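Here the sequence shown is numbered in the working numbering, starting from 39 and rising by one per residue.
All C-beta atoms, glycine included, are put in the ideal place defined by N, C-alpha and C.
Because the structure is a prediction, the values reported are computed rather than measured.
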Amino acid sequence: MTEAAPAPFTVDDYRSRMDRAARAAADAGLAGVLVAPGPDLVWLTGYRVPAETERLTLLVLVPGQDPELVVPALEAPDAARATGAPALRLRDWTDGVDPYGLTAPLLDARGRFAVSDNAWAMHLLGIQSRLPDSSYVSLSESLPMLRAVKDAAELDRLAAAGAAADAAYDEIRRLPFAGRRETEVAADLDALLRKFGHEQVDFTIVGSGPNGASPHHEAGERVIERGDMVVLDFGGLRHGYGSDTTRTVHVGEPTAEERRIHDVVREAQDAACRAVRPGIACQEVDRVARAVITEAGYGEYFIHRTGHGIGVTTHEPPYMIEGEEQPLVPGMCFSVEPGIYLPGRFGVRIEDIVTVTEDGGRRLNTTSHELALVN
Ligand code: ZN
Ligand code: ZN
Ligand code: ZN
């Protein structure tokens with residue numbers, strides 16, 4: 039993975055994202071969008087706040103107005119260096135000034151605003167106290183598709199992140215498993231993701247034997263044994279965009295039952311990936327995967343949704359889940375990750391990131407789905 043870093047996003051990219059957000063808010067009947075430090079702010083402006091603090095930083099997007107960034111004076115120089123900064127009016131404030139009083143005049147006092155999900159309650163309460171007739175809704179619930187459709191430059195980054203995660207898998211399966219703790223394999227996965235260019239590792243799940251039957255298990259002190267199924271689910275950010283892939287490997291020769299269950303998951307995952315095309319509802323992807331597993335008699339052991347979106351975070355809308363009627367649109371990227379979990383015994387999951395193309399879907403993870411036998 040020594041290819042050149044991708045061309046950076048430009049101020050025009052950020053300007054058009056902020057325009058899109060303001061327009062989407064207006065279309066949804068909202069007076070604007072209040073964006074806290076975190077993935078929304080990074081995506082909209084390129085400004086990555088190292089650590090959010092009790093000092094208010096807030097991007098205010100109001101349809102028909104220039105974007106404003108309320109920022110502590112001591113962080114203003116950093117904010118001014120962000121690529122999107124020329125498209126912003128910086129409203130810096132010094133300690134002693136009331137930042138909520140500074141923010142309130144930027145907002146319609148009776149407006150309804152979308153707010154970043156991760157905004158601190160103290161900041162929202164501060165603004166609310168200055169504008170008692172305003173109201174607020176979650177950004178991910180009111181504008182769930184804001185970041186869902188990726189442009190070509192974003193797709194390139196997601197594909198490169200996927201290729202890097204695949205390279206990590208190709209190496210990890212050549213390393214010894216039997217006799218090592220899950221945490222040791224997880225540390226190897228972390229190092230491999232970084233070796234292949236990830237600047238951030240979000241998760242390195244190593245679920246061996248019965249631990250694999252618990253999809254939330256991360257990695258523990260269990261020593262992996264011959265005969266174990268091992269679920270490996272790992273990902274993070276590379277050049278700011280996410281990877282997330284799962285393969286289930288087996289230590290030594292598997293039983294016929296282990297092979298059969300792995301085959302069912304593989305068929306379910308493949309059928310769901312093949313179903314991806316513009317216009318079908320997100321829930322249809324879940325239904326296709328679930329039908330295969332149910333047909334094989336394991337429906338009650340597939341205990342989570344089939345997938346989630348990915349972009350500047352590793353989990354975001356759209357969700358591939360029953361009840362989600364949002365149609366797929368070219369440029370969307372999400373995971374397809376059905377599994378079967380037999381309590382107390384083992385689990386199997388296979389996960390690829392898929393992007394919607396003009397006439398179907400394309401996997402961004404391309405390592406083999408065969409049950410890999412490890413040592
Ligand atoms: Zn086994
Ligand atoms: Zn995953
Ligand atoms: Zn996932």
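Within the same chain, show all residues whose beta-carbon is closer than 6 Å to that of residue i, passing over the 5 residues directly before and after it, in chain order.
i: residue 381; result: 251
i: residue 19; result: Beyond the ends of the chain as shown, which are 39 and 413, falls residue 19; an answer cannot be given.
i: residue 220; result: 244, 246, 257, 258, 260
i: residue 274; result: 231, 236, 238, 239, 240
i: residue 223; result: 244
i: residue 327; result: 306, 310, 344, 376
Taking residue i and residue j to be in contact with their CB atoms under 8 Å, please state how far apart those CB atoms are, rounded to whole angstroms.
i: residue 405; j: residue 285; result: 7 Å
i: residue 115; j: residue 350; result: 24 Å between Cβ atoms; not a contact.
i: residue 79; j: residue 151; result: That pair is no contact at about 15 Å.
i: residue 409; j: residue 300; result: 5 Å
i: residue 125; j: residue 53; result: 4 Å
i: residue 340; j: residue 248; result: About 18 Å separates the two Cβ atoms, so there is no contact after all.
i: residue 128; j: residue 117; result: 6 Å
i: residue 74; j: residue 156; result: 6 Å
i: residue 100; j: residue 141; result: Contact doesn't hold; Cβ gap of about 12 Å is too wide.
i: residue 102; j: residue 49; result: Actually they do not touch by this definition, with Cβ atoms about 20 Å apart.
i: residue 407; j: residue 388; result: 6 Å
i: residue 169; j: residue 62; result: So it is not a contact: roughly 22 Å between Cβ atoms.
Residues in its own chain within less than 8 Å of residue i by CB, not counting five upstream and five downstream?
i: residue 370; result: 186, 187, 188, 347, 356, 393, 394
Only counting the same chain, and skipping five residues up and downstream in sequence, which positions put a Cβ closer than 7 Å to that of residue i?
i: residue 322; result: 313
i: residue 39; result: Only weak support exists for where residue 39 lies, its pLDDT of 49 falling under 50; the value from the coordinates is given anyway. The residues are 202, 205, 234, 235.
i: residue 55; result: 81, 82
i: residue 397; result: 315
i: residue 84; result: 47, 52, 120, 121, 122
Grab the span of the alpha helix (DSSP H) containing residue i for me, first residue to last.
i: residue 158; result: Run containing residue 158: none; DSSP gives neither H nor E here.
i: residue 140; result: 137-141
i: residue 200; result: 190-210
i: residue 407; result: Note, residue 407: premise wrong, no alpha helix (DSSP H); not H, not E.
i: residue 299; result: 294-313
i: residue 331; result: 320-333
For the beta strand (DSSP E) holding residue i, just list the boundary residues, first then last.
i: residue 174; result: 173-176
i: residue 283; result: 283-289
i: residue 358; result: 354-358
i: residue 261; result: It is not in any beta strand (DSSP E) - residue 261 carries neither H nor E in the DSSP assignment.
i: residue 106; result: 106-110
i: residue 373; result: 371-374
i: residue 243; result: 238-246
i: residue 379; result: 377-380
i: residue 26; result: Since the first and last residues shown for the chain are 39 and 413, residue 26 lies out of range.
i: residue 383; result: Here residue 383 belongs to no beta strand (DSSP E), and DSSP marks it neither H nor E.
i: residue 133; result: No beta strand (DSSP E) holds residue 133; DSSP gives it neither H nor E.
i: residue 393; result: 390-394
i: residue 97; result: 96-99
i: residue 71; result: 70-73
Output yes if chain C places a C-beta closer than 8 Å to the C-beta of residue i; else output no.
i: residue 290; result: Annotation note: the requested chain C is absent from the structure, which comprises a single protein chain.
### Message
Would the segment 235-251 count as touching the segment 259-270 if we require 3 or more Cβ pairs under 8 Å?
### Response
Because the criterion of three Cβ pairs below 8 Å is met, the segment 235-251 and the segment 259-270 touch.
### Task
Could you please go through the chain and list the residues whose beta-carbon is closer than 6 Å to any non-hydrogen atom of ligand 3?
Residues flagged by the Cβ proximity filter: 282, 346, 373, 375, 389.
### Message
Under 8 Å, with one C-beta from each stretch per pair, do the segment 53-71 and the segment 129-139 reach the 3-pair mark?
### Response
Two segments are said to touch when three or more pairs of C-beta atoms, one from each, lie closer than 8 Å; by this definition the segment 53-71 does not touch the segment 129-139.
### Task
For the segment 164-174 and the segment 139-148, state whether three or more C-beta atom pairs, one from each stretch, are separated by less than 8 Å.
The segment 164-174 is in contact with the segment 139-148.
#### Entry: the segment 370-379 / the segment 326-346 touching (three or more Cβ pairs under 8 Å)
Because the criterion of three Cβ pairs below 8 Å is met, the segment 370-379 and the segment 326-346 touch.
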